[in-house]
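S.K.: Here it is, the structure, as structure tokens.
Residue numbers (the numbering used here): 20 to 195.
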């Protein structure tokens, strides 16, 4: 069972939608690099791995993952610069504003592209347009979450995976 984006307390809100109806647009900060994602995300998660938290400077990075074919760069392909962060992941950022555009999995048994939730299209008030369809439904690499922050997430109702979505569940997110 793939529960990578599901809430611990219920089903996936995307189950009600036809995958062909789903289309999400996004870009880097300056807009020089743009992308489109078509279809249902593979996962929607908060990543707590030491690489993501160090690169972003945040407690966690909200990622939305898609198949390689579903996340397509529509503008600025030549303006992307990649670097191999680990044996598992190559990260691509905009040469102009340096913001992350997407990451490419290098795992032969788990190929995907993901992008930060923060990269998706926003309305005039700065809110993410399709937030209900893109917001995190789980935590990944929760075993690497700093304890002072893990306590904050303890009762958020989201599944907490030890490493990648689909790995051992550290906590189902329910309070006891």
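Quick reminder that beta carbons are idealized off the backbone N, C-alpha and C, glycines included.
So if DSSP puts residue 158 in a beta bridge, which residue, or which two residues, is it bridged to?
M.R.: Answer by DSSP bridge pairing, in chain order: 65, 179.
S.K.: Restricting to Cα atoms, I'd like to know which of 108, 113, 120, 142 is closest to residue 128.
M.R.: Cα-wise, what sits closest to residue 128 is 108.
S.K.: Please report how far the alpha carbon of residue 174 lies from the alpha carbon of residue 155, in whole angstroms.
M.R.: C-alpha separation (whole angstroms): 14 Å.
S.K.: Who does residue 49 pair with in a DSSP beta bridge?
M.R.: Residue 49 pairs with nothing; no bridge assigned.
S.K.: List the whole-angstrom C-beta distance separating residue 131 from residue 84, where the pair is believed to meet the contact cut-off of C-beta under 8 Å.
M.R.: That pair is a contact at about 5 Å.
S.K.: Measure from the alpha carbon of residue 135 to the alpha carbon of each residue in 189, 188, 123, 182, then state which is nearest.
M.R.: Minimum Cα distance to residue 135 is reached at 123.
S.K.: Excluding the 5 residues preceding and the 5 following residue 153 in the sequence, name in chain order all residues of the same chain whose CB lies nearer than 8 Å to its CB.
M.R.: Around residue 153: 43, 60, 63, 83, 136, 139, 147.
S.K.: Take residue 194 and list the residues in its own chain whose beta-carbon comes closer than 8 Å to its own, dropping the five residues that flank it on each side.
M.R.: Low confidence applies here, because residue 194 scores a pLDDT of 44, under 50, leaving its location unreliable; read the following figure in that light. Once the five neighbours on either side are set aside, the close Cβ partners of residue 194 are 173, 174.
S.K.: From the DSSP output, read off the bridge partner residues of residue 106.
M.R.: DSSP, once it has assigned bridges, lists no residue as partnering residue 106.
S.K.: Is it the case that the CB of residue 167 approaches a heavy atom of the ligand NAP more closely than 6 Å?
M.R.: Only the bare structure without any ligand can be found here, which leaves the ligand NAP out of the picture.
S.K.: Mapping DSSP to helix, strand and coil, what is residue 187?
M.R.: Looking at residue 187 - three-state DSSP - the assignment turns out to be coil, as it is neither helix nor strand.
S.K.: Taking DSSP's pairing of strands, which residues face residue 92 in a bridge?
M.R.: According to DSSP, which records beta bridges pairwise, residue 92 is partnered with 54.
S.K.: To the nearest angstrom, how far is the alpha carbon of residue 120 from that of residue 46?
M.R.: Each residue's Cα considered, the two are about 7 Å apart.
S.K.: Across the region 174-184 and the region 48-58, are there enough close Cβ pairs to call them in contact, namely three or more that are closer than 8 Å?
M.R.: Result no; under three Cβ-Cβ pairs closer than 8 Å.
S.K.: Which residues bound the alpha helix (DSSP H) around residue 170?
M.R.: 166-172 is the span of the alpha helix (DSSP H), which, as asked, contains residue 170.
S.K.: For residue 133, is the classification buried or exposed, using 16 other Cβ atoms within 10 angstroms of its Cβ as the cut-off for buried?
M.R.: Answer is buried; the Cβ neighbour count reaches 16.
S.K.: What does a CB cutoff of less than 6 Å around residue 181 pick up in its chain, not counting 5 residues either side in sequence?
M.R.: 162, 187, 189, listed in sequence order.
S.K.: Can you give me the C-alpha to C-alpha distance between residue 41 and residue 90, rounded to a whole angstrom?
M.R.: Using only the alpha carbons, I get a separation of about 12 Å.
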